[in-house]
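Each residue of the sequence shown is one higher than the last, beginning at 41 in this note's numbering.
For glycine and all other residues, C-beta sits at the position ideal for the given N, C-alpha and C.
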Amino acid sequence: MMDRWHAAPEVWDDQLDALICEQQAKILRTRRYFDFKSQPYFSPSSANADKRELYEKLRGAKRDVQPKPPHQGRWTRLGTAIGGMIQRDLLFIERHYERTFGEAPPFTVERTSEGYPAWEDFATRLHVVEHDGHRFALYGKPDGILRYKDGRRVGLEIKSKQTTASKTGSMREAEGKHVAQTVGYSEMYGTAAEPLDDYLIVYVNAAKKSWAMTEEEYAKSPDLTAFHVTITQDDRMALLDELAGVVRAVKDGTPPKLDLDLWTFNSYKTACALSLTDEEFAEIGGQVRAMLKSRQPEWRKQQYYDAYEFIKALREKGVA
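See below:
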């Protein structure tokens, strides 16, 4: 559907663009209240996070404010812009696809009870659950909830790729961390009457092989690819088990082990580093030494080494 739409002459609709802007302005000016204080909460991306990081977050640790190179700021902004582009296209497809191609689009956009598109700020939700004796919540906003032509609800997760043009062409399945994230949204927005068991994970590549490509070249290096995943009740229960385990760890004061494989995107590095016991720090040192002697890729060895040096420096300074 998206390739067909993007290959056709671009459709202009000032009234629809104005409506999109008006709805966005209205929802941003609306002060919505969520009760964050009655229970701990996680985001759907917590499924990919280091459990020690989540532990420190729930304990009230300060989130790190780390300097970053400028290209990373542009990287994240571009990813947000790509998501907005796909969402706008979906609204245009909903209105103009049938007139353009003579048939209804296979997907339409679900609406909230207020009539807004079911995505982003329009669909923000704090979903409270009771699981394994613990009360906690999932908080977030989806990239989209669609309706397939057979009536099924289908979640939408949009991810950007920006390094090489070949990245999307080489993918054979959705990345595990992205699949895990959709499980959280499935729990948040699915109900017994209207489950959200199907998800599309769409990868859009900002890098292009060339302006001019043959059909064969495009088939080999597409800049957009999508994967369908099916989410089961077992998947949702497994996620809730993990999150309940973090809540239990906080109550019991038993911190999970630090996972160096998830160190790069850990937003509580300082709290994690300073809360390690001497025994835990020594154990991490052993992990790093074993990694450096292994046949693992150099980038992974470097990640372990950098994490260890960061932790060591912080502990020596005793920075709070």
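Whole-angstrom distance between residue j and residue i, CA atom to CA atom
| i | j | result |
| --- | --- | --- |
| Ala-101 | Tyr-348 | 20 Å |
| Pro-146 | Tyr-188 | 6 Å |
| His-123 | Glu-356 | In the sequence as presented, His is not what sits at residue 123; that position holds Gly. Going by the C-alpha atoms only, they are around 42 Å apart. |
| Gln-221 | Ser-78 | 24 Å |
| Ala-360 | Arg-288 | Confidence in Ala-360 is poor, its pLDDT being 48 and thus under 50, which makes the residue's placement unreliable; the coordinate value appears in the next sentence. Near 25 Å, if we compare the C-alpha coordinates of Arg-288 and Ala-360. |
| Ala-47 | Phe-141 | 12 Å |
| Gly-358 | Phe-267 | 46 Å |
| Ser-83 | Glu-160 | 14 Å |
| Gly-326 | Lys-341 | 13 Å |
| Leu-56 | Glu-138 | 16 Å |
| Leu-178 | Trp-251 | 42 Å |
| Asp-274 | Arg-192 | 20 Å |
| Tyr-243 | Gly-119 | 10 Å |
| Pro-295 | Trp-339 | 28 Å |
Helix, strand or coil at residue i [DSSP, three-state]
| i | result |
| --- | --- |
| Arg-212 | coil |
| Asn-245 | strand |
| Gly-184 | strand |
| Ser-28 | Not covered by the structure: residue 28. The range shown for the chain is 41 to 360. |
| Glu-150 | coil |
| Val-194 | strand |
| Arg-165 | strand |
| Ala-158 | coil |
| Thr-222 | helix |
| Glu-170 | strand |
| Asp-43 | helix |
Residue range of the unbroken alpha helix (DSSP H) whose run includes residue i
| i | result |
| --- | --- |
| Phe-74 | No alpha helix (DSSP H) contains Phe-74, which DSSP labels as neither H nor E. |
| Phe-350 | 338 to 357 |
| Val-286 | 273 to 292 |
| Leu-94 | 91 to 98 |
| Ala-322 | 318 to 333 |
| Arg-300 | For clarity, residue 300 is Leu in the given sequence; the question names Arg instead. No alpha helix (DSSP H) contains Leu-300, which DSSP labels as neither H nor E. |
| Ala-65 | 54 to 69 |
| Lys-260 | 255 to 260 |
Span of the beta strand (DSSP E), counted from its first residue to its last, around residue i
| i | result |
| --- | --- |
| Gly-180 | 174 to 180 |
| Arg-135 | Unbroken run through Arg-135 is the alpha helix (DSSP H), 110 to 141; no beta strand (DSSP E). |
| Thr-310 | Unbroken run through Thr-310 is the alpha helix (DSSP H), 309 to 315; no beta strand (DSSP E). |
| Ala-266 | 264 to 270 |
Nearest-angstrom Cβ-Cβ length linking residue i and residue j, presumed shorter than 8 Å
| i | j | result |
| --- | --- | --- |
| Ser-226 | Leu-236 | 5 Å |
| Ala-87 | Leu-302 | Not quite, the Cβ-Cβ distance comes to about 11 Å (not below 8 Å), so this is no contact. |
| Glu-234 | His-218 | At roughly 23 Å, the Cβ-Cβ gap does not stay under 8 Å, so Glu-234 and His-218 are not in contact. |
| Ser-261 | Ala-205 | 5 Å |
| Thr-270 | Asp-238 | 6 Å |
| Ile-67 | Phe-176 | At roughly 26 Å, the Cβ-Cβ gap does not stay under 8 Å, so Ile-67 and Phe-176 are not in contact. |
| Asp-299 | Arg-92 | 7 Å |
Quiz item: Counting pairs of beta carbons, one from the segment 270 to 286 and one from the segment 156 to 172, are three or more of them closer than 8 Å?
Solution: yes
Practice problem: Specify whether the segment 313 to 322 and the segment 115 to 132 touch according to this definition: at least 3 beta carbon pairs, one from each stretch, less than 8 Å apart. | Solution: no
Self-check item: Sufficient close CB pairs (3 or more, under 8 Å) joining the segment 178 to 194 to the segment 123 to 137
Solution: yes
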